[in-house]
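Residue numbers (UniProt numbering): 1 to 153.
The C-beta atom is built at its ideal place from N, Cα and C for all residues, glycine as well.
Below you'll find the structure, written out as structure tokens, and then a few comments.
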DNA sequence: GCCAACGTTGGC
DNA sequence: GCCAACGTTGGC
């Protein structure tokens with residue numbers, strides 16, 4: 001059964017246009033160093049799942065596009081790379097601590113659906129993104145929420 | 001296992 | 001740049 005997600009990225013570091021210009025418009029979602037988010041990538045995200053691309057920590061935080069899971073959870077090899085800022089000495093290839101998935105660009109929304117706007121919708125009162133203090137970088141989205149958000153485009 | 005200190009996220 | 005929320009670490 002198809003599932004829906006939202007993944008955050010700071011556009012200064014990796015924006016939807018960066019995904020668009022990657023070979024095959026595909027990239028691995030590296031750098032997640034939070035166990036809850038890790039568990040979702042390791043256990044729950046499946047091939048074909050649809051994902052909102054969310055720009056965080058920027059002038060206009062919001063949902064900017066859609067991507068698709070094209071490879072299920074596998075070790076985040078950047079955690080093994082001493083020279084990478086995501087290096088983690090507690091993760092090694094024999095016992096990888098951090099996981100990632102590969103995502104492929106699907107589309108850019110006609111406009112950014114802003115956090116501000118999402119907060120104002122009674123239909124999204126239960127949406128994890130707009131609950132106070134939710135800093136998880138990967139969130140589940142229900143089909144109902146997904147369809148409603150897309151109807152705003 | 002508790003909890004204080006500390007670090008990070010991310011909106012504003 | 002501020003700060004609230006909250007995850008992680010480490011002493012005990």
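Give me the Cβ distance between residue i and residue j, rounded to the nearest whole Å; I'm assuming they're in contact under 8 Å.
{"i": "residue 106", "j": "residue 45", "result": "With 8 Å as the limit, residue 106 and residue 45 do not qualify as a contact, their Cβ atoms being about 15 Å apart."}
{"i": "residue 136", "j": "residue 39", "result": "Actually they are not in contact, since the Cβ atoms of residue 136 and residue 39 sit about 11 Å apart, beyond 8 Å."}
{"i": "residue 91", "j": "residue 98", "result": "5 Å"}
{"i": "residue 56", "j": "residue 21", "result": "Not quite, the Cβ-Cβ distance comes to about 20 Å (not below 8 Å), so this is no contact."}
Buried or exposed: which applies to residue i, given that a residue is buried once 16 or more other Cβ atoms fall within 10 Å of its Cβ?
{"i": "residue 53", "result": "buried"}
{"i": "residue 94", "result": "exposed"}
{"i": "residue 87", "result": "exposed"}
{"i": "residue 145", "result": "buried"}
CA-CA distance, residue i and residue j?
{"i": "residue 26", "j": "residue 141", "result": "22 Å"}
{"i": "residue 12", "j": "residue 77", "result": "22 Å"}
{"i": "residue 61", "j": "residue 115", "result": "6 Å"}
{"i": "residue 113", "j": "residue 119", "result": "11 Å"}
{"i": "residue 143", "j": "residue 65", "result": "16 Å"}
{"i": "residue 133", "j": "residue 23", "result": "35 Å"}
{"i": "residue 15", "j": "residue 117", "result": "20 Å"}
{"i": "residue 231", "j": "residue 83", "result": "Nothing about residue 231 can be read from this structure; the chain reaches only from 1 to 153."}
{"i": "residue 147", "j": "residue 85", "result": "37 Å"}
{"i": "residue 110", "j": "residue 17", "result": "14 Å"}
{"i": "residue 19", "j": "residue 81", "result": "22 Å"}
Candidates the options: which alpha carbon is nearest residue i's?
{"i": "residue 74", "options": "30, 7, 119, 129", "result": "30"}
{"i": "residue 71", "options": "50, 14, 125, 128", "result": "50"}
{"i": "residue 149", "options": "58, 121, 133, 28", "result": "121"}
{"i": "residue 7", "options": "28, 1, 23", "result": "28"}
{"i": "residue 4", "options": "64, 152, 138", "result": "138"}
{"i": "residue 32", "options": "100, 126, 48", "result": "100"}
{"i": "residue 2", "options": "41, 42, 69", "result": "69"}
**OP:** Within the stretch 80 to 135, note down every full beta strand (DSSP E) run reaching 3 residues or more, in order along the chain.
**Re:** For secondary structure counted as the beta strand (DSSP E) over 3 or more consecutive residues, the stretch 80 to 135 holds these complete runs in sequence order: 99 to 114.
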